[in-house]
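Chain order of the listed sequences is A and B.
FYI, UniProt numbering numbers position 173 of the first sequence as 173, with every residue one higher than the one before it.
FYI, UniProt numbering numbers position 119 of the second sequence as 119, with every residue one higher than the one before it.
We treat Cβ as the ideally placed atom computed from N, Cα and C, and that holds for glycine.
Report on the following structure.
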Amino acid sequence: MKWSIAEVVGIREETPTARTLMLRIPDWPGALAGQHIDIRLTAPDGYQAARSYSLSSAAGDPVVSVSVELMPDGEVSPYLVRGVSVGDQLEVIGPLGGWFVWRPTTQPEPLRLIGGGSGIAPLMSILRTHAEAASTAPVHLLYSVRSPEFVYYRDELAELAAATAARVDIQYTRRAPEGWEGTLGRIDAARVTAWAEGSEGSVGAATYICGPTPFVELASNALVAAGADPTTVRTERFGG
Amino acid sequence: MGVITPGFFGRAREADPKLPPGQYETKDFPVLSAGPTPNIHPGEWSFSITNESGDVKRWSWEEFRALPVETVDTDIHCVTRWSKFDTTWRGVSLDTLFEDVETDAGYTMAHSYGGYTTNVPLEDLLDGKAWVAFEFGGEPLDPEHGGPARLLVPHLYFWKSAKWVTALTLHDTDELGFWEVNGYHAYGDPWKEERYSYDG
Chain A
1 MKWSIAEVVG IREETPTART LMLRIPDWPG ALAGQHIDIR LTAPDGYQAA RSYSLSSAAG
61 DPVVSVSVEL MPDGEVSPYL VRGVSVGDQL EVIGPLGGWF VWRPTTQPEP LRLIGGGSGI
121 APLMSILRTH AEAASTAPVH LLYSVRSPEF VYYRDELAEL AAATAARVDI QYTRRAPEGW
181 EGTLGRIDAA RVTAWAEGSE GSVGAATYIC GPTPFVELAS NALVAAGADP TTVRTERFGG
Chain B
1 MGVITPGFFG RAREADPKLP PGQYETKDFP VLSAGPTPNI HPGEWSFSIT NESGDVKRWS
61 WEEFRALPVE TVDTDIHCVT RWSKFDTTWR GVSLDTLFED VETDAGYTMA HSYGGYTTNV
121 PLEDLLDGKA WVAFEFGGEP LDPEHGGPAR LLVPHLYFWK SAKWVTALTL HDTDELGFWE
181 VNGYHAYGDP WKEERYSYDG
């Protein structure tokens, strides 16, 4: 595997601070749901900076998508969120990672997905792959997000929930849309436990959790405390 | 050098000889774990070394903590591209733990609570290169960072510094551990950028 030069073929603004880049990568071999790529930027003096980004596209998509959240003190994300235009070229390598992945053909068990903020991205890849493969595995997403304008993939999540076996619960932490019936606030152990208990096929489920480290610690610890087998819980953490 | 990215200049920087290629410095201490954080009480903790003949040396937490302790000041480099400079650890040198271990094996597998494994050549653990560390920055090691104790092999990418370590087994051949089977490099030298299994 080598670094290759991807072309930005589409850009979608997801939230005020995040956008999705659609990339055409030469000789792209396809990916597994949940994998990531590294993107590398090179300054005129040769200085390089690279970061990892989860794919949000379905496993088989010939054009891959990554959703990039602007990190206030970031070095790479400001460029990707504010500086890139359609037609630009970016160096990429991937697909990478063999653990935080979901394979529709060999994993028929129920799926539980828990995402915090931009941690929704690899879970979206799983949801899209699930739909694309017409998997019959029940899938249940818990997505924690500040307020409605920060929801990634808003329309598509609603469509997936309406059209497939996917169940989508959004937990708003600071401000909710009108008509939302939940209770505003961060995810805590009680919320995670109640959510998991209300989840179809909570026995034998495979769980994928992605988000900031404290979020992932809380959600995974709560599930294990409620009786989940730790070996069925895959996690991906970001941030310090 | 790759293609130049128009309009990208990066952070203000000086070439830092402490930073391996493709890394950036962070002041945080990010976490890379494949699953939930195991909660291991020192009372149930033990560490063992099993040689290729099956002979086992085992330490309880109390026995382990009675061994001579070294303070280690080192930089650490994570495969996810962050490096953290000037970290301070306390732990027991693997040289101490291997004092009474008889072996002709060349390879080890580190085993952790939670079932994770990672492979490290024996020579990378000896001669002052590796520790079983139980303190970070003057505090007991947090569970999410591998507490009560983790392997510390700072000259390799940090996933080799197995969190929640409980055993080393010795082998005549190099077998791949959990992380290596899942795409990471068999050896993991940050200065050669041996991140992924296809990095040669």
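C-beta neighbour in chain A for residue i, strict 8 Å
i, result
"B/Arg11", "yes"
"B/Tyr157", "no"
"B/Phe136", "no"
"B/Gly54", "no"
"B/Ile4", "yes"
"residue 202 of chain B", "With chain B running from 1 to 200 in the structure shown, residue 202 of chain B is simply not present."
"B/Thr80", "yes"
"B/Tyr107", "no"
"B/Lys192", "no"
"B/Asn182", "yes"
"B/Gly177", "no"
"B/Gly7", "yes"
"B/Glu25", "no"
"B/Gly146", "no"
"B/Gly22", "yes"
"B/Tyr196", "yes"
"B/Val165", "no"
"B/Gly114", "yes"
Cβ-Cβ distance between residue i and residue j below 8 Å
i, j, result
"B/Ala167", "B/Leu151", "no"
"A/Gln35", "A/Leu96", "yes"
"B/Leu94", "B/Ala130", "yes"
"A/Arg40", "A/Trp3", "yes"
"B/Ile76", "B/Phe158", "yes"
"A/Val84", "A/Ala31", "no"
"B/Val120", "B/Lys160", "yes"
"A/Pro16", "A/Glu149", "yes"
"A/Glu75", "A/Ala49", "yes"
"A/Ala222", "A/Thr193", "yes"
"A/Val86", "A/Ile11", "yes"
"A/Gly94", "A/Cys210", "no"
"A/Arg19", "A/Ala6", "no"
"residue 245 of chain A", "A/Ser118", "Outside the displayed span of chain A (1 to 240) sits residue 245 of chain A, for which this structure offers no information."
"B/Leu170", "B/Thr108", "yes"
"A/Ser77", "A/Arg128", "no"
"A/Ile126", "A/Ala33", "yes"
"A/Val216", "A/Arg186", "no"
"B/Leu156", "B/Ala149", "no"
Residue span of the alpha helix (DSSP H) that contains residue i, given as start and end
i, result
"A/Ile120", "Ile120 to Glu132"
"A/Arg12", "Not the alpha helix (DSSP H): A/Arg12 falls in the beta strand (DSSP E), residues Ser4 to Thr15."
"B/Val181", "Phe178 to Val181"
"A/Thr193", "Ala189 to Glu197"
Any C-beta of chain B under 8 Å from that of residue i
i, result
"A/Leu193", "Residue 193 of chain A is actually Thr in this sequence, not Leu. With 8 Å as the cut-off, A/Thr193 does not count as an interface residue toward chain B."
"A/Glu181", "no"
"A/Trp102", "no"
"A/Gly240", "At A/Gly240, the pLDDT of 41 sits below 50, so the modelled position is not reliable and the matter cannot be decided from this model."
"A/Val224", "yes"
"A/Thr231", "yes"
"A/Thr235", "yes"
"A/Ile25", "no"
"A/Tyr152", "no"
"A/Thr106", "no"
"A/Tyr53", "no"
"A/Arg12", "no"
"A/Trp28", "no"
"A/Ala50", "yes"
Span of the beta strand (DSSP E), counted from its first residue to its last, around residue i
i, result
"A/Pro95", "Gln89 to Leu96"
"A/Pro212", "Ala206 to Pro212"
"A/Phe238", "Val233 to Phe238"
"A/Ala43", "First-last for A/Ala43: undefined, no H or E at that position."
"B/Phe134", "Trp131 to Phe136"
"A/Ala49", "Gln48 to Ser54"
"B/His171", "Val165 to His171"
"B/Gly22", "Run containing B/Gly22: none; DSSP gives neither H nor E here."
"B/Leu152", "Arg150 to Leu152"
"A/Ile114", "Leu111 to Gly116"
Per DSSP, the bridge partner or partners of residue i
i, result
"B/Asn119", "B/Met109"
"A/Trp102", "A/Ala33"
"A/Glu69", "A/Ala18"
"A/Ala166", "A/Val139"
"A/Ser57", "A/Ser57 pairs with nothing; no bridge assigned."
"A/Gln171", "A/Ser144"
"B/Glu139", "B/Phe136"
Residue i: CB within 7 Å of a non-hydrogen atom of the ligand SAM
i, result
"B/Leu97", "The ligand SAM is absent from the structure shown, which contains no ligands of any kind."
* Asked: Fully enclosed by the segment 39-94 of chain B, which beta strand (DSSP E) runs are 3 residues long or longer?
  -> 46-50, 56-60, 70-77 and 82-93
* Name the residues in the segment 29-40 of chain B whose C-beta lies less than 9 Å from a C-beta of chain C; which are they? -> Given the protein chain composition of this structure (A and B), no chain C is represented.
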